[in-house]
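Count the sequence shown with the numbering used here and you get residues 482 to 884, in order. Read through the structure below, which is laid out as structure tokens, and then see the notes.
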Amino acid sequence: MPIGWIDFSKNERNKVLKVLDLLSENSTLDELGIATIRDGFSDLFFPGTSTIQTRAKYFFIVPYALRDLERSGETNVDKFLKYLNDIEEACAKVFIENNLGDTGIIGKRSIANDKWVKRSPADIYWSGLRQYKIFKGGNLSIQEYARAVCAINNKKTNLINLGNNNDKGIENESDDMYAGDIRSIHFWDIPTYDDEWFDKLQMDLTRDEAEFLNYRIINSCEESLFAYVLKNNLAQIMDCKNFTELGNIIKLFPEKMQKDYSLAKDFSEFNYLLRVVYNIVLSDGKNEEANEIFDDLYDEINNIANIDLEEIFARTYAYRNPMMCKFLRDSKRAMIEDNISELKKTISSREIFLKGSGRARCAHPGEFDSTEWFGGGKLYYRFDNAIKIIKDICRGKENVKSK
Numbered sequence: 482m483p484i485g486w487i488d489f490s491k492n493e494r495n496k497v498l499k500v501l502d503l504l505s506e507n508s509t510l511d512e513l514g515i516a517t518i519r520d521g522f523s524d525l526f527f528p529g530t531s532t533i534q535t536r537a538k539y540f541f542i543v544p545y546a547l548r549d550l551e552r553s554g555e556t557n558v559d560k561f562l563k564y565l566n567d568i569e570e571a572c573a574k575v576f577i578e579n580n581l582g583d584t585g586i587i588g589k590r591s592i593a594n595d596k597w598v599k600r601s602p603a604d605i606y607w608s609g610l611r612q613y614k615i616f617k618g619g620n621l622s623i624q625e626y627a628r629a630v631c632a633i634n635n636k637k638t639n640l641i642n643l644g645n646n647n648d649k650g651i652e653n654e655s656d657d658m659y660a661g662d663i664r665s666i667h668f669w670d671i672p673t674y675d676d677e678w679f680d681k682l683q684m685d686l687t688r689d690e691a692e693f694l695n696y697r698i699i700n701s702c703e704e705s706l707f708a709y710v711l712k713n714n715l716a717q718i719m720d721c722k723n724f725t726e727l728g729n730i731i732k733l734f735p736e737k738m739q740k741d742y743s744l745a746k747d748f749s750e751f752n753y754l755l756r757v758v759y760n761i762v763l764s765d766g767k768n769e770e771a772n773e774i775f776d777d778l779y780d781e782i783n784n785i786a787n788i789d790l791e792e793i794f795a796r797t798y799a800y801r802n803p804m805m806c807k808f809l810r811d812s813k814r815a816m817i818e819d820n821i822s823e824l825k826k827t828i829s830s831r832e833i834f835l836k837g838s839g840r841a842r843c844a845h846p847g848e849f850d851s852t853e854w855f856g857g858g859k860l861y862y863r864f865d866n867a868i869k870i871i872k873d874i875c876r877g878k879e880n881v882k883s884k
């Protein structure tokens, strides 16, 4: 049975749509469904990162905590994950107590309200731990990993019990082989682990941690811009305030990366124009900020439309999303033909296709605050998050006090 609501007023509709956006996996910053390309370029440049990662230290806290839990012998999956959650929360409290000025403490705001986060550090950093091969369990999710560890611990317990019950001391060769197989399973490549890590906890990386993470990124993502920066010590990137300013030093990178950067930057400008028009449509032309930006961009509309969409689709595997590709081609055609009315229709149809007429803002123009901006701005492809990781690594490598 479909879920609906009685639409009492424009304000009520706006409130409901905001709640539904928060509940949706599709971010409000992707109203027009271009995530395939955004994430495709992000993964080309900065694999293993995400927009909610904060500091590099969590690439170590998570495996350290899980190594401890592996050694605990826990056999209950729910308890295993609950203990992980408890350790992560305890780490946040230590950071808050000892590093009040530090940014990037996951859970700082939640703890201030006597709560804990819905997305834990393990959830946020798991993809990166797999990407950098710090986690050696392939594509296992954290829940699958927890089940595997608990199953192994359970087998170990059964084998110990079997040995204790064998009062005659008769050796069973097959049992010994099985026990050896279980003991040989290792999920982590984390040579910096120290069983006293929690007592020494600090947000800054130790020198050994920084060098190890630097090594893992370079060796697991060698074709990426991320790895190239670390391998060649391109500290200049830390002076770039955003992805656009990366263009000031892009000549320092290989030609292939320069081309990918150019494609990504062009797409960011193209998508930004779509977002501007989107805000004009849903405000029924009353969003002054959107109107002013559109007027500024209008003289450049042909240059913005002169974008190699087919190459962008190829580099980001966007052909797997044919309806998105059609939407972008149709938008490009409308720009080239200077048919703004058609561009507005194309954008409206796209949002309605994605969300349905009930949720699509473009289906209800003028019913939203005309001073509010929807859908985000330019695309920065996780640049800010990657820079935080790079800075942490560089500072850690200079940390001569701790190994």
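Each residue gets a CB set at the ideal place from its N, CA and C atoms; glycine is no exception.
Return the CA-CA distance between residue i and residue j, expressed in angstroms with no decimal places.
i, j, result
"Thr509", "Ser851", "Confidence at Thr509 is low in this model, with a pLDDT of 40, below 50, so its placement is unreliable and the value that follows should be read with caution. Thr509 and Ser851: Cα-Cα distance of roughly 17 Å."
"Gly619", "Tyr779", "48 Å"
"Tyr759", "Ile518", "18 Å"
"Ile577", "Tyr606", "20 Å"
"Ile833", "Leu547", "44 Å"
"Leu809", "Asn580", "47 Å"
"Arg628", "Lys859", "41 Å"
"Phe751", "Gly856", "14 Å"
"Asp611", "Pro735", "Checking the sequence shown, residue 611 turns out to be Arg, not Asp. Rounded to whole angstroms, Arg611 to Pro735 spans 26 Å at the Cα level."
"Lys786", "Lys722", "Note on identity: in this sequence residue 786 is Ala, with Lys being the wrong assignment. In a straight line, the C-alpha of Ala786 is about 26 Å away from that of Lys722."
"Trp669", "Asn772", "53 Å"
"Thr556", "Tyr862", "40 Å"
"Ser701", "Asp567", "31 Å"
"Gly521", "Ala571", "35 Å"
"Ile586", "Ile718", "24 Å"
"Lys614", "Phe541", "13 Å"
"Asp583", "Gly837", "43 Å"
"Phe724", "Lys560", "42 Å"
"Arg536", "Lys574", "16 Å"
"Lys596", "Gly554", "28 Å"
"Tyr674", "Lys740", "40 Å"
"Ala516", "Glu551", "36 Å"
"Ile782", "Ala632", "59 Å"
"Gly766", "Phe775", "11 Å"
"Asp819", "Asp524", "33 Å"
"Glu704", "Glu769", "43 Å"
"Lys589", "Tyr539", "14 Å"
"Glu625", "Leu562", "11 Å"
According to DSSP, is residue i helix, strand or coil?
i, result
"Phe616", "strand"
"Trp669", "strand"
"Asp685", "coil"
"Lys878", "helix"
"Gln534", "coil"
"Ser601", "coil"
"Lys574", "helix"
"Thr517", "helix"
"Arg863", "coil"
"Lys872", "helix"
"Ile853", "Position check: residue 853 holds Glu in this sequence, whereas Ile was assumed. If DSSP states are grouped into helix, strand and coil, Glu853 belongs with coil."
"Gly609", "helix"
"Glu551", "helix"
"Cys702", "coil"
"Ala691", "helix"
"Asn594", "coil"
"Ile761", "helix"
"Glu770", "helix"
"Asn889", "Examination of residue 889 is not possible in this model, given that the chain is present from 482 through 884 alone."
"Pro528", "coil"
"Ser508", "Its pLDDT being 43, under 50, Ser508 is placed unreliably in this model, and the value from its coordinates should be taken loosely. In the structure shown, Ser508 sits in coil (DSSP, three-state: anything other than H, G, I, E or B)."
"Ile587", "coil"
"Leu778", "helix"
"Ser523", "helix"
"Tyr674", "coil"
"Ile633", "helix"
"Leu562", "helix"
Shorter than 8 Å, the distance from the beta carbon of residue i to the closest heavy atom of the ligand HEM, or not?
i, result
"Ala691", "With respect to the ligand HEM, the structure shown offers nothing to examine, as it has no ligands at all."
Inset, instruction - At 4 residues or longer, and completely inside the region 794–850: list those alpha helix (DSSP H) runs for me, N to C. - result: 803–817, 821–836
Legend entry - Sufficient close CB pairs (3 or more, under 8 Å) joining the region 526–535 to the region 838–855: Under the 8 Å Cβ criterion, the region 526–535 does not count as touching the region 838–855, having fewer than three qualifying pairs.
Legend entry - Contact between the region 795–806 and the region 861–871 (3+ Cβ pairs under 8 Å): no
Legend entry - Stretch-stretch touch, CB-based, cutoff 8 Å, three pairs: the region 678–696 with the region 838–845: no
Inset, instruction - Determine, using beta-carbon pairs with one atom in the region 695–713 and one in the region 871–879, whether at least three such pairs fall under 8 Å. - result: Touching, yes.
Inset, instruction - Tell me, please, whether the region 808–828 touches the region 721–730 by the rule of three or more beta-carbon pairs shorter than 8 Å. - result: no
Inset, instruction - Check whether the region 746–765 touches the region 821–832, counting contact only when three or more Cβ pairs, one atom from each stretch, lie closer than 8 Å. - result: yes
Legend entry - Unbroken stretches of the alpha helix (DSSP H), 4 residues or longer, contained in the region 718–756: none
Inset, instruction - Please confirm if the region 587–607 is in contact with the region 687–698, defined as three or more CB-CB distances below 8 Å between the two stretches. - result: no
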